[in-house]
Amino acid sequence: MRLEKLTQLDTNLAELERIISQYSIDDITNDMIKQWALRYGLFESIQIMIDIACHVVSNQNFGSTNTFRDCLESLQKFDIISEPLSQNLKKLVGLRNILVHDYVKIEVSKLYEYAQNLKDFREFADCVKQFADEK
70 MRLEKLTQLD
80 TNLAELERII
90 SQYSIDDITN
100 DMIKQWALRY
110 GLFESIQIMI
120 DIACHVVSNQ
130 NFGSTNTFRD
140 CLESLQKFDI
150 ISEPLSQNLK
160 KLVGLRNILV
170 HDYVKIEVSK
180 LYEYAQNLKD
190 FREFADCVKQ
200 FADEK
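What follows is the structure in structure tokens.
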């Protein structure tokens, strides 16, 4: 397992927590650099989570996947992550798609909400670490 990805995820989450603790929603809304930091921090954190999930599925020969959500379903199927966590992470995949493809305009307030609740990322990282330790 590429543990540097988990380290990068942890670093990103710490930065997102720092942003949220130092700046109000108004501070971020009125500053394009802070908005960009919030958007990119969330996007990159989600992408790292996806990369890790798909790497585990591929490396462990858990079967074929066609989508990022399939990778999460495989981790759930093989009891690496719980069903509720899988569902929450799939919502983050949807957020990632919105951020990347700009399907719809997402309000800064919504991104701020996501950044205030990073527990799913941390739970995912803990589950993957536990799985790696057992291998």
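Start counting at 1 in the sequence shown, then tack on 69, and there's your number in the numbering used here.
A virtual CB, placed ideally from N, CA and C, is assigned to each residue, including glycine.
Everything numeric in this text was worked out from a predicted model, so none of it was measured.
For L187, there is no enclosing alpha helix (DSSP H), as DSSP marks it with neither H nor E. With respect to the 9 Å criterion, V173 and T98 are not classified as neighbours on the basis of their beta carbons. Residue state for N135 is assigned as coil, using DSSP reduced to three classes. Put simply, the segment 72 to 85 does not touch the segment 147 to 162. Fewer than three CB pairs are less than 8 Å apart.
Closest option to V125, judged by alpha-carbon separation, among Y109, A106, K188, L75: L75. K160 and D95 have their alpha carbons spaced roughly 25 Å apart. A straight line joining the alpha-carbon of A106 with that of N128 spans about 32 Å. Around the Cβ of L141, a 10 Å sphere holds 16 or more other Cβ atoms; the residue is buried.
Under the three-state reduction of DSSP, D148 is assigned to coil, being neither helix nor strand.
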